[in-house]
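Asker: This is the structure I have questions about; it appears just below.
In our numbering, the protein residues as written are 5 to 427.
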């Protein structure tokens with residue numbers, strides 16, 4: 005099929021192209037309570053083709069691009085029209101010229117990862133999740149599990165021809181408690197391999213959270229709190245630094261980062277950041293050979309990362325796009341973190357961080373407020389922090405957390421964060 009696409013591209017006079025072939029095989033389970041409702045398997049192959057068109061304007065060469073999705077069931081004429089339409093559209097998306105990723109024309113197959121049994125994976129995930137569903141007051145309302153094998157092949161007109169396998173598992177579930185107030189809480193997870201222990205722990209946490217949310221009171225007062233975030237929210241906060249150090253943001257002047265920038269500024273009173281971008285695949289979608297990249301060392305930006313085009317614009321080596329980061333372990337245990345008054349938010353309605361302004365926060369669905377002597381369950385209100393102030397006093401836990409996008413401390417304590425109360 006790839007050869008057919010290339011032949012059609014050449015017949016249409018399209019000289020520059022990038023083809024991403026993805027063969028995706030998945031197994032899926034859907035549960036209502038503990039009863040299996042649906043079992044499904046899928047096998048899908050898609051070809052994402054990007055065509056490039058050079059345009060002369062005001063004495064300069066620009067390069068435009070456009071994409072087309074090709075499926076094996078399409079006829080030659082349907083493929084031809086798709087590619088021809090994309091080539092026509094490419095002239096209206098012209099950018100400063102850049103070269104495509106170079107290869108040697110030799111097909112390379114990375115065999116470091118092999119396909120895994122997807123049917124077995126979803127069954128093991130389901131067993132792990134429901135092993136925690138034994139509470140008399142709260143339960144897992146519904147759950148979905150997915151295990152996906154992907155085989156990728158990336159070919160371009162400049163000699164790239166690489167292939168590799170990738171396996172991922174993911175799922176989502178809803179916990180419910182009706183003891184005081186009827187409450188449902190949504191959770192999801194994604195791992196690079198089956199992590200039964202983590203899934204069972206997440207389910208147990210979700211069930212406990214549903215019970216506590218059912219009993220939580222809207223008693224939180226507005227003010228400044230030392231806030232503790234954990235799990236995926238820690239990863240979301242750290243995503244600010246990967247966004248700011250991305251070549252596309254720097255080129256567009258959305259970010260003023262450059263190699264050597266002290267990302268936490270002056271007056272840091274606690275832990276310095278040490279962040280590494282982790283290569284979860286051997287090649288990027290453009291065919292760039294990927295490896296782990298030290299991004300921040302002791303609070304200093306060591307590298308800029310990004311896709312081929314923007315890296316060329318900045319005159320740096322393209323690294324590809326990273327999906328996972330690693331933060332070095334923290335200095336304080338989670339229990340030590342909770343010895344002083346705090347507001348620990350364990351469930352937001354939608355936690356976000358703005359990569360442009362540095363504002364982070366979200367509405368509180370469940371939090372634990374410690375006033376120095378007692379812990380109360382609270383709901384309502386919102387956290388409203390600014391990372392450029394918060395990162396001067398980060399304290400990270402020694403306990404670890406890991407998923408497909410983050411590996412590092414489980415929790416972070418941030419001093420003096422603004423909180424809008426629920427009263």
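Positions of the beta carbon are idealized from the N, C-alpha and C atoms, including for glycine.
1) Can you give me the C-alpha to C-alpha distance between residue 121 and residue 370, rounded to a whole angstrom?
2) Exposed or buried, what is residue 60 when buried is set at 16 or more other beta-carbons lying within 10 Å of its beta-carbon?
3) Going by the beta-carbon positions, is the gap between residue 268 and residue 102 smaller than 8 Å?
4) Out of 69, 402, 350, 303, which has the shortest C-alpha to C-alpha gap to residue 396?
5) Answer yes or no: do residue 387 and residue 357 have a C-beta to C-beta separation smaller than 8 Å?
6) Mind the definition here: the region 240–256 touches the region 190–204 only if three or more C-beta pairs lie below 8 Å; say whether that holds.
7) CB residue 251 to CB residue 320, shorter than 8 Å?
8) What does a CB cutoff of less than 7 Å around residue 134 pick up in its chain, not counting 5 residues either side in sequence?
9) Determine the contact status of residue 49 and residue 71, defining contact as a CB-CB distance below 8 Å.
10) Check whether the Cβ atoms of residue 330 and residue 280 sit closer than 8 Å, and answer yes or no.
11) Using beta carbons (cut-off 8 Å, strictly below), is residue 168 in contact with chain D?
12) Checking 8 Å against the spacing of the C-beta atoms, do residue 34 and residue 124 come in under that value?
13) In three-state terms, what does DSSP make of residue 52?
14) Report the partner residues of residue 417 according to the DSSP bridge assignment.
15) Spatial neighbours of residue 65 within its chain, please: CB distance less than 6 Å, with the 5 preceding and 5 following residues excluded, ordered by chain position.
16) If you count every other CB in all the chains shown that lies within 10 Å of the CB of residue 313, and 16 or more means buried, which is it?
17) Between the region 165–177 and the region 294–301, do three or more beta carbon pairs fall short of 8 Å?
18) Verify whether the separation of the beta carbon atoms of residue 214 and residue 189 is less than 8 Å.
19) Return the residue from the list 87, 117, 301 that minimises the CA-CA distance to residue 287.
20) When the Cα atoms are used, what is the spatial distance from residue 42 to residue 32?
21) The alpha helix (DSSP H) that contains residue 317, what's its start and end?
22) Decide if the region 145–165 is in contact with the region 217–233; the criterion is three or more beta carbon pairs, one per stretch, under 8 Å apart.
23) What did DSSP end up calling residue 114 once you bin it into helix, strand or coil?
Answerer: The relevant details are as follows:
1) Rounded to whole angstroms, residue 121 to residue 370 spans 37 Å at the Cα level.
2) By the 10 Å Cβ count, residue 60 comes out exposed.
3) The beta carbons of residue 268 and residue 102 sit no closer together than 8 Å.
4) Comparing Cα-Cα distances from residue 396 to each of 69, 402, 350, 303, the minimum goes to 303.
5) At the C-beta level, residue 387 and residue 357 stay beyond 8 Å of one another.
6) They do not touch, by the three-pair rule.
7) Their beta carbons are under 8 Å apart, which means residue 251 touches residue 320 by this criterion.
8) Closer than 7 Å at Cβ, skipping near neighbours: 38, 144.
9) The answer is no: Cβ separation not under 8 Å.
10) Closer than 8 Å, so yes.
11) Here chain D cannot be found, since the structure has a single protein chain.
12) The beta carbons of residue 34 and residue 124 sit no closer together than 8 Å.
13) Strand at residue 52.
14) Answer is 232, 399.
15) A distance below 6 Å between beta-carbons, with the five flanking residues on each side excluded, links residue 65 to the following residues of its chain, in chain order: 58, 101.
16) So residue 313 ends up on the buried side.
17) At 8 Å Cβ cutoff, the stretches do not touch.
18) Yes, the Cβ-Cβ distance between residue 214 and residue 189 is below 8 Å.
19) Checked all of 87, 117, 301; the closest Cα to residue 287 is 117.
20) If you take the alpha carbons of residue 42 and residue 32, they lie about 8 Å apart.
21) Where residue 317 is concerned, the enclosing alpha helix (DSSP H) stretches over 312–318.
22) Per the Cβ contact rule, the region 145–165 is not in contact with the region 217–233 (fewer than 3 Cβ pairs under 8 Å).
23) In this structure, DSSP gives residue 114 a state outside helix and strand, which the three-state scheme calls coil.
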